[in-house]
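Peer 1: Heads up: the protein sequence lines correspond to chains S, V and Y, in order.
Counting from 1 along the first sequence, just add 331 to a position and that's the residue number in my numbering.
Counting from 1 along the second sequence, just add 352 to a position and that's the residue number in my numbering.
The letter at position 109 of the third sequence is residue 107 when you use my numbering, and the numbering goes up by one with no holes.
Quick one: the structure is below, and I'll ask about it shortly.
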Amino acid sequence: MGSNMAENHPVGFQWVMEARERGAKVIHVDPRFTRTSAMTSKWVGIRAGSDIAFLGGIINYILENERWFDEYVKTYTNAPVIVDEKYEDTEDLDGFFSGWDPDEGEYDITTWAYKGTTPQTAPGKKSSHTRGEQSGHGGHGGGLSHGEPPEEDETLRHPRCIFQILKRHYARYTPEFVAKTCGCSIDDFLEVAEAMCANSGRERTGSIVYAVGWTQHTVGVQIIRAAAIIQLLLGNVGRPGGGVMALRGHASIQGSTDIATLFNILPGYLSMPQSAQKGGLKKYIESATSPAGWWGRTDTFIVSMLKAWWGAAATKENDFCFEYLPKIDDDHSEYWTFVQMLEGNVKGYVVAGENPAVGSANSKLHRRGLAKLDWLVVRDLVEIETAAFWYDSPEIESGELRPEEIPTEVFFLPASSHVEKDGSFTNTQRLVQWHYKAVDPRGDCRSELWFYYHLGLKIRERLKHSQDPKNRPILDLTWHRPTHGEHEEPSAEAVLAEMNGWDDKGKALPDYKQLKADGSTSSGCWLYCGIYADDVNQATRKKPRWEQDYVAAEWAWSWPMNRRLMYNRASADPAGEPWSVRKQYVWWDAKQKKWTGKDVPDFDEQKPPDYEPPEGAQGPDAIRGDHPFIMQSDGQGWIYVPQGLLDGPLPTHYEPHESPFQNRLYSQSANPRRQRFDRPEDPVNEPDAYPYVVTTYRLTEHHTAGGMTRFVPYLSELQPAMFCEVHPDLARECGLAHGGWATIVTSRSSIEARVLVTDRIKPIRSNGRVVHQVGLPYHWGSRGLTTGGSANDLTHMTLDPNVHIQEVKALTCDIRPGRRSR
Amino acid sequence: MSDFATLADITGEPDGWAETYGDETKPRMGFFTDTSICIGCKACEVACKEWNVIPDDGLVWTGESYDHTSTLGANSWRHVAFIEQRKPLRGEDEDGDALRWLMSSDVCKHCTHAACLDVCPTGSLFRTEFGTVVVQEDICNGCGYCVPACPFGVLDKRHLPRFEPSPDLLPVFEKKEDGRVWKCTLCYDRMHGGHEPACAKACPTDSIQFGELDELRERADQRLEKLQAEGWNGAQLYGRDPEDGVGGFGAFFLLLDEPEVYGLPPDPVVTTTNLPEMWTAAAVAAGALILGVLGAFAGGSR
Amino acid sequence: MTDGSITAVGSEMRSYYGRPILKEPVWQPEIPWYFFAGGLAGASSLLGLAARAAGNEPLAKAGLYLSAAGDAVSPALLISDLGRPERFLNMLRVFKVTSPMSVGTWILTASGATTTLAAGLELLDRAPRLKVLSETMSAVLGAPLSVYTATLVSDTAIPVWHEARRELPFVFGASSAASAGAAAAVVLAPEHAGPARRLAVGGVAVGNAAMVAMQARLGMVGEPYRRGEAGKYNALAKVCTLAGAAVLRTAGKRSRVAAVVGGGLVLAGEAALRWSVFTAGFQSARDPKYVVVPQRERVSRG
Ligand SMILES: Nc1nc2c(c(=O)[nH]1)N[C@H]1C(S)=C(S)[C@@H](COP(=O)(O)OP(=O)(O)OC[C@H]3O[C@@H](n4cnc5c(=O)[nH]c(N)nc54)[C@H](O)[C@@H]3O)O[C@H]1N2
Ligand SMILES: Nc1nc2c(c(=O)[nH]1)N[C@H]1C(S)=C(S)[C@@H](COP(=O)(O)OP(=O)(O)OC[C@H]3O[C@@H](n4cnc5c(=O)[nH]c(N)nc54)[C@H](O)[C@@H]3O)O[C@H]1N2
Ligand code: SF4
Ligand code: SF4
Ligand code: SF4
Ligand code: SF4
Ligand code: SF4
Ligand SMILES: [Mo]
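This is how it looks when you write it as structure tokens:
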């Protein structure tokens, strides 16, 4: 669901095909019948933006028909936990949770807490912007003073235990409601719900695969939460064949989140320090540490990281240079930053490995932002739209902008591609795979590593004699690396070794459990600790699967600690026995008194299943022996999230920011907490003027904003023009001719595209009303061998509040026959 | 290869090529393309072009589903067809809105009786020790005979200005670019190195299966049985039968509808099977011509 | 959206977006002209030798010179059609009976050599024995030379050519005869050209008859001869040849002018006929129904 795996992860999809051949029931839920649907046993077409209704329906189906995995739910999830009296549900408040502050447009989340706890609220006024799921592990504290929630009801009967709250919350998500909201048939829905339930319990598991068809919504995070709730109820987390699988994007986008290209996290999902927070390292550690679970070791993670960055300069006395770390005081996400550009608050900008002039929502706004800069650096393989916006863009063509009036000085620096340098890819499964340079980069093309390393050297050279303390953070950095070749290419493996870290004797650390908070260890990213164990690059291991065990543990290396399946303690029952022979994975060996199995156990090896934390236990020791989710402060799977999300503890059906439908449940139609910028350059579509639902997506033949494909003949010829997918009925309704041209219009802009009339895109029948959907690939731009309208000229910049992701999967538009008037 | 190596083909006897190689003969290699697991990713098309350094075929948007390659030719040796149908993949269509999307990667069939090879007047087209059919680009003189001879329309001349429906009546003498014909070589070069063909290597789902023909045929039979048992609509093997009009394909297919739906001939026959008939007719006609000429003198010599 | 279906002869025929299954030939305008010239050469040498035997020296000379002329332009036309003219000689690497083009090239080469030799000796009036020998050789090769091109086009997958494999040699043979006769009738004084005129008239008669028979048997596959380019040339051919024959028959004996006009018309008509057959092949390849419908019928006949 929300993934077009066959088209966008074709190589990984071979395993889905294999599962299908072995008799697995594969279902695809998507507004379009795609190359994935064509391969599955069942396709259910739904309306873009209606997923929570669909998933909520499944949750309701499980609860109504008593299909949950009782033993799992009772011990491994927080279903029994009693929630604070102050908590009120959207069902009581017509679409709001308790704690809504209309003036701030934010929730005061204290009312969502477990009974008898007070959640730690992150410091700083602008918390709304800087906190959230990916802002470190913000949520995992839960304000628990001790590993167990104060009040639980093992019978799940207490009216305010999470299980009962869940029941009430989803009571109205009936099959009828689902059919009406999603525009699918009741039978289709029931077939999916039943299939999910059938793959649960001791003997069977089922998994859910998603990607950006789910994330790119103003309720993106909550859609995924809904899937997590289903899997926890069915006991499908931490077990082989279970899980909620995120298929990620660029080849190493997983790695780039681990090593923190995001503005609000440090490597290993440590939260970014905030200027509002005083009190240095001590205070930071306090707020980032949870009393129970592995986040109880935050001090060892952060101190080891600071040692990796500033080495000898980082001492106990100077807080290990904690104050050298930059602090954030606001959003600083990509979209926020471009709004600041429009305001003239951003002077210079470096774009590396991104093409916002095509790839970012409301790309027109983005190009106008770039036109306000003093200088712009673009490092890319080819001269992409972002580098050429000042002389080649729709605005230039229309005369809105004129090159001679754009002050921006653009520096284009050619980058070398992944085949032209050593490095690693971290994939969706946290598997870090090493790749070696295949060919030398041509001409002036240089690797990222080369560029930033030598840039650093040059800056340090300039500042060499500076006494200004503000330059210390740069001058004190551990910067020197072994280099090779005529261009002095830094060694990528040296960087990997530094991420792994060393003990005080300079020996590579075997795993993150060895990290210390006293400055005797260093590790650039605690999660990657172990990847260089025994001073060998573990990511280079390439032993074929037929030469090794079930989990192929000797193929590359996966964080943490080469574990292939996280939270795998849940693959055994509370007593530590495998749930079934068929599904055995990791279990408690009573004789040897340790956890063993096919994978590296994701649990303290020696901790027996019946372990009860003593009073005052801290960190991992505060987690019970039958609580598998060791990163959580209570070791439980969170059906209900008391803390960590900004828009509610439970997923609720909201209509997209732009939708032709009014919410069936509440008068509050869209997510009240969605992030908006309210700018004239980013207007909202009036429903009547824009009657159609439009969704945007990818094609196998192209890659994202096109820099890597539109310039390649072999790929361009395979999808040589921008097109729109419309249903025959819509074509008739609007007089669109197959193979002809159409113009798609929103209040932001309009683009033209060739018309592909196809039954594969689903018209939505709801209450006798038919709403049509328009499908748009978003790969095109003004440059390359194949050029065409950018879907993102049409999209808006309203975001999910937790992770600031744009809602490009469900918005509204109008469509007309013929080409755009110029 | 001796000039007369191709004689084995002239006799047209199945696998006659084998003798011509003596102990250099290898088991006959080929493809089983199982379209029931093709995800239409076109990796095969791209891998083929990369490996064989084939020029791009022009950027033409066809509106024919996701297929903008359209056909096999000198610059496309693999072609993935896309067919959208209002019909379920398996069983009956209950609610009436069932869809299926057929995808199939076409390629040269490496026929047992290869018309292209039979008619080639230079011996440029030849039968390799693997039983595949390959053009020797250093010998082909672009006579173009193999192009209309292929019952599947696989071969084409590269960069030849296409023949217009109403051509200028006078011959065009200007020099033409490249002018040779090109087609799938079944990666003859890779096979020598013991590697599987580029397209098969790139195929993520193993829709393209490369191997010894006999073994592939067995596998295909089992596959067909499975699909028929599972009630797949229209499942059928195409080109697997050694008794068919071209003596079976070296590269055969499992299709989910009739061949013509994929742009393939339903019952291809190698043109040279009718050669005896053709030569006889020609001989008789020649004789008739001689008689005719003599006859013209019957009425007197002046 | 669904696969493009087109209706052919009542029966609902399915295809891949109506795209061709076969490749159109890549041959250029040289080819039909070669058919014409080669045919004329072959038949002329026959006519010449017969005349020599019958003691009609002027006609014998004319026949010989005409065939020499034909044999001279033919290779030029063939070579210029090649994608790689410089590789013409590769044609002589092999001899393959499965390749009418191979066989034909050998015939043309031999005929070219002998005819040119004979014509040379005739001109210089030397070595009478050798002359007769070579003249006879060229005449013997003349018959196959003037019909093999029919086999050449029949030995392809193009339905309108392949299915006509029985009649086409007669059409071409007769056409060659007619052209040879007509050409001689044009260049010779009427009093020597009796057999030539009779050959022309006879050729036209037989040719048109064969054409009718061929189309009758082809049925739907023969459609191109009634449509488009091929249809036009076909009609033109009929009119010209019949008219020309009529003129030769009635007035060719008495008036030189009539002989020239009649002969000219026949020659034009026969050229048009070659063009009609040639372009019919392209039309036949372009429309998948000519491949699918007959093959489907064959399959259903079992
Ligand atoms: N060939 C290729 N592969 C790629 C990429 C590429 O550009 N080309 N990009 C890479 C990147 S960066 C990423 S992030 C991934 C993305 O991988 P995917 O998430 O698979 O990419 P999309 O095609 O954007 O969206 C997937 C599907 O979501 C459907 N969809 C749209 N709206 C909704 C909705 O409201 N609900 C549901 N359930 N489905 C919806 C669309 O119809 C589409 O089929 O792919 C990666 N892989
Ligand atoms: N409407 C709509 N918009 C979307 C999406 C959608 O589904 N719909 N998807 C969103 C998603 S998930 C993503 S990930 C974004 C992607 O959008 P962007 O990231 O803006 O676009 P890309 O084309 O992926 O940009 C990557 C660039 O990096 C260059 N590059 C490749 N390798 C290197 C390298 O080693 N070094 C350097 N310096 N450059 C390199 C490539 O040439 C390319 O130009 O688009 C987002 N936007
Ligand atoms: S592009 Fe690379 S990452 Fe994406 S599916 Fe293909 S192989 Fe995997
Ligand atoms: S398919 Fe065509 S090109 Fe390939 S071997 Fe057979 S006849 Fe030759
Ligand atoms: S074009 Fe080349 S390969 Fe084809 S028949 Fe002529 S010589 Fe042979
Ligand atoms: S076998 Fe080789 S040449 Fe033939 S299609 Fe595959 S990649 Fe291309
Ligand atoms: S690579 Fe394989 S799956 Fe992809 S299109 Fe080609 S045959 Fe189909
Ligand atoms: Mo992405």
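Glycine included, C-beta positions come from ideal geometry on N, C-alpha and C.
Just so you know, these numbers come straight off a predicted model, no measurement behind them.
#1: Would you say the stretch 780 to 798 of chain S touches the stretch 817 to 836 of chain S, given that touching needs at least three Cβ pairs under 8 angstroms?
#2: Roughly how many angstroms lie between the CA atoms of L186(Y) and F168(Y), to the nearest whole one?
#3: Using three-state DSSP, classify F428(S) as helix, strand or coil.
#4: Return the bridge partner residues of S1097(S) from the DSSP annotation.
#5: How about G392(V): is its Cβ closer than 7 angstroms to a heavy atom in ligand 7?
#6: Assuming S1000(S) contacts Y1023(S) (C-beta within less than 8 angstroms), just tell me the rounded distance between them.
#7: So, does the stretch 49 to 66 of chain Y touch the stretch 100 to 107 of chain Y, judging by three or more C-beta pairs under 8 angstroms?
#8: If you measure from the beta carbon of T983(S) to each beta carbon in chain V, is any gap under 8 angstroms?
#9: Just the C-alpha distance for G470(S) and I961(S), rounded to the nearest angstrom, thanks.
#10: Counting C-beta neighbours from all protein chains within 10 Å, is the total for G644(V) 16 or more, i.e. buried, or is it exposed?
#11: I'd like to know whether the C-beta atoms of A603(V) and F434(V) end up nearer to each other than 8 angstroms.
#12: Roughly how many whole angstroms lie between the Cα atoms of W918(S) and K925(S)?
#13: Straight-line CA distance for G947(S) to A953(S)?
#14: Compute every distance between the C-beta of S100(Y) and the non-hydrogen atoms of ligand 5, then say whether any falls below 7 angstroms.
#15: Would you say Y540(V) lies against chain Y (beta-carbon separation less than 8 angstroms)?
#16: Using 10 angstroms around the beta-carbon of R1091(S), count the other beta-carbons present and answer buried if the total reaches 16, otherwise exposed.
#17: Where does L121(Y) land, buried or exposed, given buried means 16+ other C-beta within 10 angstroms?
#18: Along the chain, where does the alpha helix (DSSP H) containing P604(S) start, and where does it finish?
#19: Roughly how many angstroms separate the alpha carbons of H785(S) and L707(S), rounded to a whole number?
#20: Quick one: which unbroken alpha helix (DSSP H) runs of 4-plus residues sit fully inside the stretch 156 to 204 of chain Y? Chain order, please.
#21: Any heavy atom of ligand 7 within a distance shorter than 7 angstroms of the CB on V432(V)?
#22: Got a sec: is the Cβ-Cβ distance from W331(V) to anything in chain Y below 8 angstroms?
#23: Between I156(Y) and chain V, is any beta-carbon pair separated by less than 8 angstroms?
#24: Is there a Cβ of chain V sitting closer than 8 angstroms to that of Y231(Y), yes or no?
#25: Can you name the start and end residues of the alpha helix (DSSP H) that D711(S) belongs to?
#26: Can you name, in chain order, every residue of its own chain whose Cβ lies under 6 angstroms from the Cβ of Y288(Y), other than the five neighbours on each side?
#27: Specify, as a first and last residue, the run of the alpha helix (DSSP H) that I435(V) falls within.
#28: Buried or exposed: where does P341(S) fall if 16 or more other Cβ atoms within 10 Å of its Cβ makes it buried?
#29: Please report whether the beta-carbon of L607(V) lies at a distance below 8 angstroms from any beta-carbon of chain Y.
#30: On the DSSP letters alone, give me the boundaries of the beta strand (DSSP E) that P1148(S) sits inside.
#31: Counting pairs of Cβ atoms below 8 angstroms between the stretch 969 to 980 of chain S and the stretch 1094 to 1109 of chain S, do you hit three or more?
#32: Drop a sphere of 10 angstroms on the beta-carbon of E1054(S), count the other beta-carbons inside from all chains shown, and report buried for 16 or more, exposed for fewer.
#33: Just to confirm, does N335(S) get its C-beta within under 7 angstroms of one of the non-hydrogen atoms of ligand 1?
#34: Which residue's Cα is closest to the Cα of M543(V): E371(V), M381(V), Y373(V), D470(V)?
#35: Compute the Euclidean distance between the alpha carbons of K929(S) and R533(S), then round it to the nearest angstrom.
#36: Spatial neighbours of V621(V) within its chain, please: CB distance less than 6 angstroms, with the 5 preceding and 5 following residues excluded, ordered by chain position.
Peer 2: Reading it off the structure:
#1: yes
#2: As the crow flies, the alpha-carbon of L186(Y) is around 26 angstroms from that of F168(Y).
#3: coil
#4: R1100(S)
#5: yes
#6: Their Cβ separation, rounded to whole angstroms, is 18 angstroms, which puts S1000(S) and Y1023(S) out of contact at 8 angstroms.
#7: no
#8: no
#9: Because the pLDDT at G470(S) is just 47, under 50, the model does not fix this residue reliably, and the value given afterwards should be weighed accordingly. Rounded to whole angstroms, G470(S) and I961(S) show a C-alpha spacing of 14 angstroms.
#10: buried
#11: no
#12: 9 angstroms
#13: 8 angstroms
#14: Every heavy atom of ligand 5 is 7 angstroms or more from the Cβ of S100(Y), so no.
#15: Closer than 8 angstroms: no.
#16: buried
#17: exposed
#18: Note, P604(S): premise wrong, no alpha helix (DSSP H); not H, not E.
#19: Distance between the alpha carbons of H785(S) and L707(S) is about 19 angstroms.
#20: 157 to 160, 166 to 185
#21: yes
#22: This structure cannot settle anything about residue 331(V), because the visible part of chain V is limited to 353 through 654.
#23: Yes, I156(Y) counts as interfacial toward chain V.
#24: no
#25: No alpha helix (DSSP H) contains D711(S), which is instead part of the beta strand (DSSP E) from 706 to 711.
#26: P157, V219, S282
#27: Membership of I435(V) in any alpha helix (DSSP H) is not indicated; the residue belongs instead to the beta strand (DSSP E) covering 430 to 437.
#28: buried
#29: no
#30: From DSSP, the beta strand (DSSP E) with P1148(S) extends over 1142 to 1148.
#31: no
#32: The residue you asked about is not Glu; residue 1054(S) is Phe in the sequence shown. Buried, by the Cβ-count rule.
#33: yes
#34: M381(V)
#35: Going by C-alpha positions, K929(S) is about 18 angstroms away from R533(S).
#36: G597
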